[in-house]
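J.: In our numbering, the protein residues as written are 1179 to 1244. Just dropping this structure here.
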């Protein structure tokens, strides 16, 4: 699920439209990730998210679903 997330202002965010062709699929992928038991999120282009990864994903999923 590459290019599904990015970090903006120290908060998980939707991916950039520049790198994601299907934003609807990205939103569904975020919802699926939010269901996982996650502590740490590793990125290719951002520092590792080491605390409360699951809660950060669930918060993003709630924001993008609204």
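Yeah, the Cβ is synthetic: ideal placement off N, Cα and C, and Gly gets one too. The structure displayed is predicted, hence computed values, not measured ones.
Closest Cβ-Cβ distance between residue 1234 and chain C: below 8 Å?
T.: The chain inventory of the structure shown lacks chain C, comprising one protein chain alone.
J.: In terms of DSSP beta bridges, what is residue 1219 paired with?
T.: Numbered from 1 along the chain shown, position 41 holds the residue referred to as residue 1219. BP columns for residue 1219 point to 1227.
J.: Using DSSP with H/G/I as helix, E/B as strand and the rest coil, what is residue 1242?
T.: On the chain shown, position 64 is the one that residue 1242 refers to. Helix, per DSSP.
J.: List the whole-angstrom C-beta distance separating residue 1208 from residue 1238, where the pair is believed to meet the contact cut-off of C-beta under 8 Å.
T.: Taking the first residue of the chain shown as 1, we reach residue 1208 at position 30. Taking the first residue of the chain shown as 1, we reach residue 1238 at position 60. Right, the Cβ-Cβ distance comes to about 6 Å (below 8 Å), so this counts as a contact.
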